[in-house]
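J.: Mind having a look at this structure? Questions to follow.
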Amino acid sequence: MNVYDSARMADVLAPLGYAPTDTPADADMVILNTCHIREKATEKVFSELGRLRAVKAERHAAGHGTILAVAGCVAQAEGAEIVARAPYVDIVLGPQIYHRLPEMVAQASRAAGAVIDTDFPPEQKFDFLPELAAPQSPGGITAFLSIQEGCDKFCSFCVVPYTRGAEASRPAARVIAEARRMVAAGAREITLLGQNVNAYHGEAPNGGTWGLGRLLHALAELPDLQRLRYTTSHPRDMTDDLIAAHGNIPALMPFLHLPVQSGSDRMLAAMNRRHTVADYLRIVDRLRAARPDIALSSDFIVGHPGETEADHAATLSLVQAAAFAQAYSFKYSPRPGTPAAGAPLQVAEAEKDRRLQALQAQLRTYTEKFNAGCVGLTVPVLITGPGRHPGQIAGRSPWLQPVHLSGPMSLAGQVVPVRIKAAHTNSLSGEFLQERATA
Ligand code: SAM
Ligand code: SF4
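Put into structure tokens, the structure is as follows:
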């Protein structure tokens with residue numbers, strides 16, 4: 000979502016004459032778009048600010064001004080601390096107000112101190128953003144599109160409801176129009192984004208509301224849009240309609256990131272997840288019934304307050320039962336203001352490390368098994384750009400694995416058949432089957 004948001008900030012600044020650069024030393028303005036989800040991400044902001052302070056000083060010595068801005072969820076949660084610890088920061092803006100960035104830039108050039116705005120404004124920023132001219136991802140073949148933001152679930156460990164605010168969905172017609180522009184600019188795969196994307200309930204084009212299943216059906220009708228994905232989902236919001244969409248929409252890729260967090264019902268209750276392990280496995284079964292080739296990915300937290308060895312063992316059992324093709328796993332990180340941060344029975348750091356290693360070792364075996372199972376198959380690969388070596392191109396399998404192969408760059412944007420020859424830890428390599436290529 001921060002990738003999408005960063006591109007939108009570039010859009011609102013373009014009329015002021017700003018264009019993106021990869022080199023901070025060349026930049027008249029640097030925006031750090033930040034993440035507050037775990038402490039490590041937050042600490043990175045302060046170390047990065049230290050580096051940028053030196054860049055700003057060097058540019059100043061050479062007679063150039065630099066506006067330094069901190070955006071995103073760290074700005075939202077720790078705006079005052081940022082200004083106190085890094086007084087050379089000029090702008091602090093929360094994730095819901097970046098449509099106001101041009102005004103803030105104008106104020107910053109007049110103000111003596113930092114300009115801070117971390118409001119949750121009554122207006123929706125999406126209504127004030129300029130229409131997208133081009134998709135944001137490299138090569139533009141795969142694009143992200145935010146359709147929903149915020150969260151009302153209040154899991155015990157999570158800052159999102161506090162930093163991104165209440166759940167809000169964009170009207171379906173606007174989503175479709177933005178998707179159409181992305182496709183016109185070359186996007187062939189769109190990933191719909193939301194902190195809780197399957198809670199989507201946007202205003203329908205002709206009144207009423209649409210859920211995510213209905214929206215996916217409408218987007219699948221866009222000519223030239225070959226692939227659709229969505230992330231991140233909550234198990235509670237996997238409606239019948241959405242599960243059915245996996246069986247009915249060929250463009251909806253057979254890969255779903257569905258975070259479970261723990262395999263222990265006791266922990267799921269403590270986390271306020273509002274689903275049990277059995278609920279989760281039932282959803283997995285129904286998804287596999289609707290779309291037999293679907294592969295699942297998940298998120299896990301180890302060492303949430305109160306987690307015992309038995310709870311941890313239950314998580315390892317769930318990994319076995321669900322056979323995830325991919326997963327992210329994290330040590331519980333206490334976040335200020337969340338209920339779990341002040342809970343008793345915090346788990347020792349060394350114990351969290353041990354549990355994380357055990358979980359990751361087990362998850363890795365399933366990822367390797369899944370990747371190895373692709374060897375020998377011919378899979379449709381969306382070519383997204385050049386590969387690592389000359390003459391190589393790269394793309395994505397339906398299950399989001401990076402695929403490397405030899406072939407011409409003229410295939411970029413096409414879905415081509417590729418025979419998978421080898422599986423690596425995080426990618427596949429294969430051979431383009433020219434004679435069966437489809438446009
Ligand atoms: N909305 C999604 C859901 O309900 O599962 C998750 C979104 S959250 C931005 C991404 C992931 O970060 C979570 O699934 C969780 O595993 C992890 N996470 C969130 N808060 C965390 C914390 N305090 N410590 C460690 N990991 C955390
Ligand atoms: Fe955070 Fe996801 Fe829970 Fe919302 S549903 S509070 S975003 S983990």
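Residue numbers (numbering that gives the first Met the number 0): 0 to 438. Each residue gets a CB set at the ideal place from its N, CA and C atoms; glycine is no exception. Quick caveat: nothing in here was measured; it's all calculated off a predicted structure.
Should N197 be counted as a contact of the ligand SF4 given a C-beta to heavy atom distance under 6 angstroms?
T.: No, the beta carbon of N197 sits no closer than 6 angstroms to any heavy atom of the ligand SF4.
J.: Determine the closest residue to E166 out of R173, I140, T117, H233, with distance taken between C-alpha atoms.
T.: If we check each option's Cα against that of E166, H233 comes out closest.
J.: Shortest alpha-carbon distance to G193 belongs to which of E202, V182, L211?
T.: Taking only the C-alpha atoms, the option nearest G193 is L211.
J.: Within 10 angstroms of its Cβ, does K420 collect 16 or more other Cβ (buried), or is it exposed?
T.: Burial call: exposed.
J.: Smallest Cα separation from N197: which of M270, V114, C150?
T.: The candidate whose alpha carbon is nearest that of N197 is C150.
J.: Alpha carbon to alpha carbon, how far is I90 from C157?
T.: For I90 and C157, the distance between alpha carbons rounds to 26 angstroms.
J.: If we count Cβ pairs, one from each stretch, closer than 8 angstroms, do we get three or more for the region 30–46 versus the region 69–80?
T.: Output reads yes: the region 69–80 touches the region 30–46.
J.: Indicate whether the contact test is met: 3 or more Cβ pairs, each with one atom in the region 341–353 and one in the region 302–316, closer than 8 angstroms.
T.: Judged by Cβ distances under 8 angstroms, the region 341–353 makes contact with the region 302–316, as three or more pairs qualify.
J.: Taking 6 angstroms as the cut-off, does the CB of V159 come closer than this to any heavy atom belonging to the ligand SF4?
T.: Indeed, a heavy atom of the ligand SF4 lies less than 6 angstroms from the Cβ.
J.: Looking only at C-alpha atoms, which of G412, P258, A360, V380 sits nearest to F299?
T.: Answer by Cα proximity: P258.
J.: Below 8 angstroms on the Cβ atoms is my guess for L376 versus V414; work out the distance and round it to an integer in Å.
T.: Wrong, their Cβ atoms sit about 15 angstroms apart, outside the cutoff.
J.: Do the region 80–96 and the region 60–68 make contact, defined as three or more Cβ pairs closer than 8 angstroms?
T.: With the cut-off at 8 angstroms, the region 80–96 and the region 60–68 touch.
J.: Would you tell me roughly how many angstroms separate the C-alpha atoms of N247 and L48, rounded to the nearest one?
T.: Taking the straight line joining both Cα atoms gives about 48 angstroms.
J.: By DSSP, does I242 sit in helix, in strand, or in coil?
T.: Correct three-state label for I242: helix.
J.: Please list, in chain order, all residues of the same chain as P397 whose beta carbon is under 6 angstroms from its beta carbon, the five residues on each side excluded.
T.: Within the same chain, P397 has close Cβ partners M252, P253.
J.: Any idea what DSSP makes of S409, helix, strand or coil?
T.: Helix.
J.: For the ligand SF4, is there any heavy atom lying closer than 6 angstroms to the beta carbon of Q147?
T.: Not under cutoff, so the answer is no.
J.: From H59, R52, F143, A56, pick the residue whose C-alpha is nearest to that of V69; which is it?
T.: For the residues H59, R52, F143, A56, the minimum Cα distance to V69 belongs to R52.
J.: Return the CA-CA distance between C154 and E367, expressed in angstroms with no decimal places.
T.: Their Cα atoms are separated by approximately 31 angstroms.
J.: With respect to the alpha helix (DSSP H) encompassing K152, which residues constitute its N-terminal and C-terminal limits?
T.: No alpha helix (DSSP H) contains K152, which DSSP labels as neither H nor E.
J.: Could you spell out the range, first to last residue, of the alpha helix (DSSP H) harbouring S5?
T.: Looking at the DSSP string, the run of the alpha helix (DSSP H) that includes S5 is 1–12.
J.: Using DSSP with H/G/I as helix, E/B as strand and the rest coil, what is R334?
T.: R334: coil per DSSP, three-state reduction.
J.: Report yes if the C-beta distance between P204 and A172 is below 7 angstroms; otherwise report no.
T.: Contact: yes.
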